[in-house]
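Residue numbers (our numbering): 5 to 401.
Note that the Cβ used here is the ideal one computed from N, Cα and C, for glycine as well.
All values reported here derive from a predicted model rather than from experimental measurement.
Contents: one structure, followed by commentary.
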Amino acid sequence: MGVDGRTGPGCSSLGYGAMEELGPFRVKSDGKTLYRNPYAWNNAANVLFLESPAGVGFSYSNTTADYSRSGDNKTAEDALRFLLNWMEKFPEYKGRDLYLAGESYAGHYVPQLAHAILGHAAAGKPSSSSPLNLRGIMIGNAVINDWTDTKGMYDFFWTHALISDATADAIGRHCNFSAAADADAAASNDKCNEATSEADEALQDIDIYNIYAPNCQSPGLVSPPITPSMDRFDPCSDYYVNAYLNDPDVQRALHANVTRLDHPWSACSDVLRRWTDSATTVLPILTELLNNDIRVWVYSGDTDGRVPVTSSRYSVNQLQLPVAAKWRAWFSSTQGAGEVGGYTVQYKGKEKGSLSLVTVRGAGHEVPSYQPRRALVLVQGFLAGKTLPGCKTCESA
Numbered sequence: 005m006g007v008d009g010r011t012g013p014g015c016s017s018l019g020y021g022a023m024e025e026l027g028p029f030r031v032k033s034d035g036k037t038l039y040r041n042p043y044a045w046n047n048a049a050n051v052l053f054l055e056s057p058a059g060v061g062f063s064y065s066n067t068t069a070d071y072s073r074s075g076d077n078k079t080a081e082d083a084l085r086f087l088l089n090w091m092e093k094f095p096e097y098k099g100r101d102l103y104l105a106g107e108s109y110a111g112h113y114v115p116q117l118a119h120a121i122l123g124h125a126a127a128g129k130p131s132s133s134s135p136l137n138l139r140g141i142m143i144g145n146a147v148i149n150d151w152t153d154t155k156g157m158y159d160f161f162w163t164h165a166l167i168s169d170a171t172a173d174a175i176g177r178h179c180n181f182s183a184a185a186d187a188d189a190a191a192s193n194d195k196c197n198e199a200t201s202e203a204d205e206a207l208q209d210i211d212i213y214n215i216y217a218p219n220c221q222s223p224g225l226v227s228p229p230i231t232p233s234m235d236r237f238d239p240c241s242d243y244y245v246n247a248y249l250n251d252p253d254v255q256r257a258l259h260a261n262v263t264r265l266d267h268p269w270s271a272c273s274d275v276l277r278r279w280t281d282s283a284t285t286v287l288p289i290l291t292e293l294l295n296n297d298i299r300v301w302v303y304s305g306d307t308d309g310r311v312p313v314t315s316s317r318y319s320v321n322q323l324q325l326p327v328a329a330k331w332r333a334w335f336s337s338t339q340g341a342g343e344v345g346g347y348t349v350q351y352k353g354k355e356k357g358s359l360s361l362v363t364v365r366g367a368g369h370e371v372p373s374y375q376p377r378r379a380l381v382l383v384q385g386f387l388a389g390k391t392l393p394g395c396k397t398c399e400s401a
């Protein structure tokens, strides 16, 4: 069983994860009808999509003050409570292998929830009798470590010809991101701010979440619907999903919004008033998970500019783990043929466990949206605990 906690803080796993990425259906351009996703992750596991924290999507709290108390710690506590209660309601799933996955700010959510699960097991019954049999986590284009995330982003901008040499040089001279754990503090001088503002301005006309993707030119619905294709990314999908999940008939069918919220469903919450705590790094938690023999995969779509592959590599390198299997290409067919799916390297934990770093070729921030076939091969390998397919035909060539 997998639990998917997607973007954030404050964005919906249902709207993005289920309806635009890895769920069994996607929404057509009329905002009313669905079509099947043959690369859905429920081909590989039972999947839960959790809208978290309270106030995101259809989720809510009976205590409105909670919307001013949201933060990393409370999100992990509430997600743990949800899982434990869900297991009581569906006891047939108790003790099954449990995997957590998420992208973007779920680089915090997922490791922090895993940490909470380990703490719950240690404080109560032996882990062998715990209803939550955590086996692994997978985080994509993930916010992991503030200063390496930030440095990696600006380095990516230059290496992908998105900013000028002069801007990159100014950032290199004036922004010492590694000078403090808090990247904002390290970048607080005026010359650094001026240089990063120039970089941000250079990217204002493109989609930073996939630097090669088209922008949505005609926001809104199209009826009759455009014939969809799993091989072609539709940059206007957000509008289709928003219309679909705000349809009263759809909400009734989903048993959602039964309390009649005073605001429409939205992909990212306008309800959360404050984020009270955000860790500057989750690297110590990743080390803890490895020491508890929890499988860790960090994957990265290589056309994302927001939390790019350079950020993921810099962050993982901070762990200083020994290499178990060297950097190589992997292929998008389980037969080890076809197109290159990306690249991968595997590390050994210093005590136990293993960590795999995987890139996904041609994918942006939300990997399954852009490369659904490759994303399915990725999650199948993760769940099986196997290395991703190599090039078998290359060996005999």
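ask   = Are L26 and A44 closer than 8 angstroms when you measure CB to CB?
value = Counting from 1 along the sequence shown, the entry for residue 26 is found at position 22. Counting from 1 along the sequence shown, the entry for residue 44 is found at position 40. Their beta carbons are under 8 angstroms apart, which means L26 touches A44 by this criterion.
query = To the nearest angstrom, how far is it from the Cα of L249 to the Cα of Y243?
reply = Indexing the sequence shown from 1 puts residue 249 at position 245. Indexing the sequence shown from 1 puts residue 243 at position 239. Cα to Cα, the separation comes out at about 10 angstroms.
request  = Mind checking who G429 pairs with in its DSSP beta bridge?
outcome  = Any property of residue 429 remains undetermined from this structure, which presents the chain solely from 5 to 401.
query = Quick one: any contact between the segment 203-210 and the segment 220-232, if contact means 3 or more CB pairs under 8 angstroms?
reply = No: the two stretches stay apart, fewer than three of their Cβ pairs being nearer than 8 angstroms.
message = Can you tell me whether C240 is helix, strand or coil according to DSSP?
response = Sequence index remark: in the sequence shown, residue 240 carries index 236 (1-based). Three-state DSSP puts C240 in coil, outside helix and strand.
Neighbourhood of S131 by C-beta, 6 angstroms cutoff - its chain only, sequence neighbours within 5 removed = For the purposes of this step, residue 131 is taken as the residue at position 127 of the sequence shown. Residue confidence for S131 is low, a pLDDT of 47 falling below 50, so the modelled location carries little weight and cannot support an answer.
task = Would you grab the beta carbon distance between A22 and F53 for me? Rounded to a whole angstrom, and I think it's under 8 angstroms.
result = By 1-based counting over the sequence shown, the position of residue 22 is 18. By 1-based counting over the sequence shown, the position of residue 53 is 49. Indeed they touch by this definition, with Cβ atoms about 5 angstroms apart.
Helix, strand or coil at F386 [DSSP, three-state] = For the purposes of this step, residue 386 is identified with residue 382 of the sequence shown, where counting begins at 1. DSSP places F386 in helix when its eight states are reduced to three.
inquiry  = Mapping the DSSP letters down to three states, classify G19 as helix, strand or coil.
reply    = For this step, residue 19 is matched to residue 15 along the sequence shown. Reduced to three states, the DSSP call for G19 is helix.
message = Between S33, V51 and F62, which has its C-alpha nearest L258's C-alpha?
response = Here residue 258 corresponds to residue number 254 of the sequence shown, with the count starting at 1. Nearest of S33, V51 and F62 to L258, Cα basis: F62.
request  = Pick out whichever of N180, R378 and P57 has its Cα sitting closest to the Cα of G14.
outcome  = For the purposes of this step, residue 14 is identified with residue 10 of the sequence shown, where counting begins at 1. Comparing Cα positions, the closest option is P57.
query = With a CB to CB cut of under 6 angstroms and the five nearest residues on each side skipped, what residues in its chain are close to S273?
reply = For the purposes of this step, residue 273 is identified with residue 269 of the sequence shown, where counting begins at 1. If the five residues before and after S273 are omitted, its C-beta is found closer than 6 angstroms to the C-beta atoms of G14, G59 and V60, all from its own chain and listed in chain order.
inquiry  = Please state whether the Cβ-Cβ distance between T280 and G19 is less than 8 angstroms.
reply    = Here residue 280 is taken as the residue at index 276 of the sequence shown, counted from 1. Here residue 19 is taken as the residue at index 15 of the sequence shown, counted from 1. Their beta carbons are not under 8 angstroms apart, which means T280 does not touch G19 by this criterion.
request  = Just mark F94 as buried or exposed, buried being the case when its beta carbon has 16 or more other beta carbons within 10 Å.
outcome  = Along the sequence shown, one-based indexing puts residue 94 at 90. Burial call: exposed.
request  = Can you grab the Cα-Cα spacing for the pair S233 / W162, in whole Å?
outcome  = Residue numbering aside, residue 233 sits at position 229 when the sequence shown is read from its first letter. Residue numbering aside, residue 162 sits at position 158 when the sequence shown is read from its first letter. Taking the straight line joining both Cα atoms gives about 32 angstroms.
ask   = Should G345 and V302 be called a contact, given that it needs their Cβ atoms to be closer than 8 angstroms?
value = Residue mapping note: residue 345 aligns to position 341 of the sequence shown, counting from 1. Residue mapping note: residue 302 aligns to position 298 of the sequence shown, counting from 1. No.
ask   = Which residue from H112, T37 and E55 puts its Cα closest to that of L287?
value = In the sequence shown, the residue the question calls residue 287 occupies position 283. The residue with the shortest Cα to Cα distance from L287 is H112.
message = Once the 5 residues before and after I167 are set aside, which same chain residues still bring their CB inside 7 angstroms of it?
response = By one-based count along the sequence shown, residue 167 stands at place 163. If we look at I167 and ignore the five residues flanking it on each side, its Cβ neighbours are F161, A203 and A206.
query = By the 10 Å Cβ neighbour count, where 16 or more other Cβ atoms means buried, how is W146 classified, buried or exposed?
reply = Translated into positions along the sequence shown, residue 146 becomes position 142. Note on residue identity: the sequence assigns Ala, not Trp, to residue 146. Buried: at least 16 other Cβ atoms inside 10 Å.
message = Which residue wins for smallest C-alpha separation from W334, given the options N137, T152 and L361?
response = Counted from its first residue, the sequence shown places residue 334 at position 330. With distances taken between Cα atoms, W334 lies closest to L361.
ask   = Can you tell me where the alpha helix (DSSP H) with K78 in it begins and where it stops?
value = One-based indexing of the sequence shown puts residue 78 at position 74. Unbroken alpha helix (DSSP H) run through K78: D76 to K93.
ask   = With DSSP run on the structure shown, which of helix, strand or coil describes Q324?
value = Walking along the sequence shown from the start, residue 324 turns up at place 320. Here Q324 sits in coil by DSSP.
ask   = Could you give the distance in angstroms between the alpha-carbon of G305 and the alpha-carbon of V311?
value = One-based indexing of the sequence shown puts residue 305 at position 301. One-based indexing of the sequence shown puts residue 311 at position 307. Distance between the alpha carbons of G305 and V311: 9 angstroms.
query = Since W151 is in the alpha helix (DSSP H), which residue starts that stretch and which ends it?
reply = The sequence position of residue 151 within the sequence shown is 147, counting from 1. Element bounds for W151: D150 to T163.
Cutoff 8 angstroms; reference K32; Cβ partners in own chain excluding five residues on either side = Here residue 32 refers to the residue found at position 28 when the sequence shown is read from its first residue. The residues are L38, Y39, P229, I230, P232 and Y244.
ask   = How many Å lie between S282 and Y216 at the Cα?
value = As a position in the sequence shown, residue 282 is number 278, starting the count at 1. As a position in the sequence shown, residue 216 is number 212, starting the count at 1. If you take the alpha carbons of S282 and Y216, they lie about 30 angstroms apart.
ask   = Rounded to a whole number of angstroms, what is the C-alpha to C-alpha distance between E370 and Y318?
value = Counted from its first residue, the sequence shown places residue 370 at position 366. Counted from its first residue, the sequence shown places residue 318 at position 314. Their backbone Cα atoms lie some 20 angstroms apart in a straight line.
request  = Would you tell me roughly how many angstroms separate the C-alpha atoms of F181 and V349, rounded to the nearest one?
outcome  = Translated into positions along the sequence shown, residue 181 becomes position 177. Translated into positions along the sequence shown, residue 349 becomes position 345. Roughly 26 angstroms between the two C-alpha positions.
key: Coil, strand or helix - F62 by DSSP   = Working through the sequence shown from its first residue, we reach residue 62 at position 58. F62: coil per DSSP, three-state reduction.
inquiry  = The alpha helix (DSSP H) that contains L294, what's its start and end?
reply    = Counting from one through the sequence shown, the residue named residue 294 turns up at place 290. Here the alpha helix (DSSP H) through L294 covers L287 to N295.
query = Does DSSP put A329 in a helix, in a strand, or in coil?
reply = Numbered from its first residue, the sequence shown carries residue 329 at position 325. A329: strand per DSSP, three-state reduction.
message = Cutting at 6 angstroms between CB atoms, please list the residues of its own chain near G342, excluding the five before and the five after it.
response = On the sequence shown, residue 342 is found 338 positions in, with the first residue counted as 1. For G342, where only same-chain residues beyond five positions count, the Cβ hits under 6 angstroms are F335 and S336.
request  = If I'm right that S17 touches E55 with Cβ under 8 angstroms, what's the distance once you round it to whole angstroms?
outcome  = The residue labelled residue 17 in the question sits at position 13 within the sequence shown. The residue labelled residue 55 in the question sits at position 51 within the sequence shown. About 6 angstroms separates the two Cβ atoms, so the contact holds.
inquiry  = Considering only their Cβ atoms, is the gap separating Y64 from L265 smaller than 8 angstroms?
reply    = As a first step, residue 265 is located in the sequence shown; it is residue number 261 there, counting from the start. As a first step, residue 64 is located in the sequence shown; it is residue number 60 there, counting from the start. In this structure, Y64 lies closer than 8 angstroms to L265 by Cβ.
ask   = In whole angstroms, what separates the C-alpha of L104 from that of N197?
value = Numbered from its first residue, the sequence shown carries residue 104 at position 100. Numbered from its first residue, the sequence shown carries residue 197 at position 193. Roughly 36 angstroms between the two C-alpha positions.
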